[in-house]
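J.:
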Amino acid sequence: RPSTHILKREDTRFPGLIKAEAESLAIARAVSLTTIETETVELGGHSCLIVSRFDRIVEADGEVHRIHQEDLCQALGIDPSGARGRAKYEQGTVGPSLKQAAALLDAYSPNPLAELDRLVAVVAYTVAIGNADAHGKNLALLHPDPETISLAPLYDTVPTALWSRLRDEAAMAIGGQVVLADVGIEDIVREAIRWSHPADRARRVATETLEGMAAAIEGGVVPADGRVGELVAARTRALLAGERAGAGETSD
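Under our numbering, the first residue of the sequence shown is numbered 31, with each subsequent residue one higher.
#1: Reducing DSSP to helix, strand and coil, say where Gly262 ends up.
#2: Would you please state the rounded distance, in angstroms, between the beta carbons of Ala182 and Phe84? I believe it to be under 8 Å.
#3: Please check the pair Leu106 and Pro126, which I expect to be a contact at CB under 8 Å, by giving their CB distance rounded to whole angstroms.
#4: Please state whether DSSP places Pro183 in a helix, a strand or coil.
#5: Which same chain residues end up closer than 7 Å to Cys103 when comparing Cβ atoms and leaving out the 5 residues on each side of it in sequence?
#6: Take Ile57 as the anchor and find which of Arg116, Ser77 and Gly160 has the nearest alpha-carbon.
#7: What number of angstroms, rounded off, separates the C-alpha of Ala277 from the C-alpha of Val235?
#8: Please give me, in chain order, every unbroken run of the alpha helix (DSSP H) with length at least 4 that falls completely inside the stretch 165 to 253.
#9: Under 8 Å by Cβ, that's how I've got Ala229 and Val219 pegged, so tell me the actual separation to the nearest angstrom.
#10: For Val209 versus Glu199, is the C-beta spacing smaller than 7 Å?
#11: Tell me whether the beta-carbon of Tyr185 lies closer than 7 Å to the beta-carbon of Ile66.
#12: Can you check whether the C-beta of Ala58 is within less than 7 Å of a C-beta belonging to chain D?
See the structure below:
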């Protein structure tokens, strides 16, 4: 029987990471960017996160079916172990990029405009939570049938900006910006233009996503006075004001 959930144990180097990932996914659910359900538990004295699998269908009788999916590295034929494990990150003209993801969606989705809108929303969300680890293994495509694809629900979303020891370079460049904290909403629009996506449409989608995230925090989806809530609220304010995301950034 296929598994239906994944269990993650907290990395002791980064206390609070499990809670931060759970809260980030809660925000993603609030803006319809993931279907993943989460539960935090203590097992053997360790904080753990249980996440539901987005690539499973559970029938009423309990039978479990797999949905075919592949991450961006797999879709592009990139070996993530290459370049001493860094091949999953965009590095100049090498490695997976948002433009390559957009090209796949444009070519094989039955509704490419909607899928590219969703990719814009994913980029805005990634910038707003401060996730510099959104690499080619953390962006996936679903195959509803052998001939079509769609963008998979978000997973492994961690606000790396909360830990100054973690990388500050975006896993994939956004509108030419390589430092995540330096990205502004117009960089997101510039990135979408690289995919031949309409600028006005991209700006609207990015703005609506950021507004939705801010509303989710104000509505109590995550504690507004917690580390994730404060970080994301500050970054969404900065982005919606036309500033770089890092204008509202905090870290450990």
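Note that CB positions come from ideal geometry on N, CA and C, so glycine has one too.
T.: So, to answer that:
#1: In the sequence shown, the residue the question calls residue 262 occupies position 232. Note that residue 262 is Val in the sequence shown, not Gly. Val262: helix per DSSP, three-state reduction.
#2: For the purposes of this step, residue 182 is taken as residue 152 along the sequence shown, with counting starting at 1. For the purposes of this step, residue 84 is taken as residue 54 along the sequence shown, with counting starting at 1. 6 Å between Cβ atoms; contact.
#3: Residue numbering aside, residue 106 sits at position 76 when the sequence shown is read from its first letter. Residue numbering aside, residue 126 sits at position 96 when the sequence shown is read from its first letter. About 6 Å; that satisfies the 8 Å criterion.
#4: What you label residue 183 is simply residue 153 of the sequence shown in a count that begins at 1. Pro183: coil per DSSP, three-state reduction.
#5: Sequence index remark: in the sequence shown, residue 103 carries index 73 (1-based). Correct list, in chain order: Pro110, Lys118, Pro126, Gly166 and Lys167.
#6: For the purposes of this step, residue 57 is identified with residue 27 of the sequence shown, where counting begins at 1. That would be Gly160, whose Cα lies nearest to the Cα of Ile57.
#7: For the purposes of this step, residue 277 is taken as the residue at position 247 of the sequence shown. For the purposes of this step, residue 235 is taken as the residue at position 205 of the sequence shown. When rounded, the distance between both Cα atoms is 21 Å.
#8: 215 to 224 and 229 to 248
#9: Counted from its first residue, the sequence shown places residue 229 at position 199. Counted from its first residue, the sequence shown places residue 219 at position 189. Yes, Ala229 and Val219 are in contact; Cβ-Cβ is about 5 Å, under 8 Å.
#10: Here residue 209 corresponds to residue number 179 of the sequence shown, with the count starting at 1. Here residue 199 corresponds to residue number 169 of the sequence shown, with the count starting at 1. Yes, these two residues count as a Cβ contact at 7 Å.
#11: Translated into the one-based positions of the sequence shown, residue 185 becomes position 155. Translated into the one-based positions of the sequence shown, residue 66 becomes position 36. For Tyr185 and Ile66, yes; Cβs fall inside 7 Å.
#12: The structure shown contains no chain D; it is built from a single protein chain.
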